[in-house]
Amino acid sequence: MVKDFKKRYNKFNDHLTEKIIEDQFKDLTSHDLKRIKKVMADHEELGKRLQLKEEKQKQHIYGTKDYKERVERDLSKGKTPPSYFKNVSETELHRCMLNEINMRSIFNDYQYIDVGGFDGDVLIPNERPEKADRIKIHQGKQGLHGVPNNMNKLKK
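Residue numbers are given in UniProt numbering: position 34 of the sequence shown equals residue 34, and the series is strictly consecutive.
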């Protein structure tokens with residue numbers, strides 16, 4: 001068990017230019033929002049990677065100014081509008097994502113989590129909207145944002 005922990009910890013640290021200590025790794029992988037936010041505050045590189053890209057997230061929240069602008073832009077280019085969440089704030093989504101994501105996978109381009117109690121619709125070209133059953137979290141060095149996704153409809 002200790003050997004397995006050390007292996008995961010070392011592999012995680014290999015991705016970072018500014019290394020973290022074992023206790024910070026335990027906090028980060030604890031699924032405890034308070035402990036995760038402390039590591040984010042103490043560690044600039046991880047703080048940036050785990051921060052919410054608010055503008056990107058608002059493009060996926062129905063009714064926001066950013067969503068409306070994105071819909072206009074996409075429709076003018078002949079594209080399908082973006083999938084969206086309803087009746088939720090970007091802060092609530094971010095809190096959920098930090099709580100649910102697999103921290104050992106934050107260096108991947110994306111990962112999926114359960115949609116939980118959030119109401120989201122997935123828009124697919126030439127089809128009716130489908131209910132989201134998971135969230136695809138797009139991850140990068142500058143932050144993350146979530147997009148409603150449906151396991152049975154989208155393979156993106």
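Just so it is clear, CB atoms sit at the ideal spot from N, CA and C, and this is done for glycine as well. Treat the numbers as computed from the prediction; the structure is a model and nothing was measured.
task: Tell me whether H15 is buried or exposed, calling it buried when 16 or more other Cβ atoms sit within 10 Å of its Cβ.
output: exposed
- prompt: Thinking just about the alpha-carbon of each residue, which of Q111, K86, Y84 and F107 is nearest to the one in M97?
  reply: Of Q111, K86, Y84 and F107, the residue nearest in Cα terms is Q111.
query: Do three or more CB pairs link the region 102-116 to the region 124-138 at distances below 8 Å?
result: Touching, yes.
field: Unbroken beta strand (DSSP E) run spanning Q57, endpoints
entry: In the DSSP assignment, Q57 falls outside any beta strand (DSSP E) and within the unbroken alpha helix (DSSP H) covering E54 to K58.
Cβ shell of T64 (< 8 Å), same chain only, five flanking positions each side left out: K58
- prompt: From which residue to which residue does the alpha helix (DSSP H) around Q24 run?
  reply: E22 to L28
query: Does the Cβ-Cβ distance between L33 and N99 come in under 7 Å?
result: yes
- prompt: Does DSSP classify residue 191 as helix, strand or coil?
  reply: Outside the shown range of the chain, which is 1 to 156, sits residue 191, and nothing can be said about it.
field: Status (buried if at least 16 other CB within 10 Å, exposed otherwise) for K56
entry: Flag for K56 reads buried.
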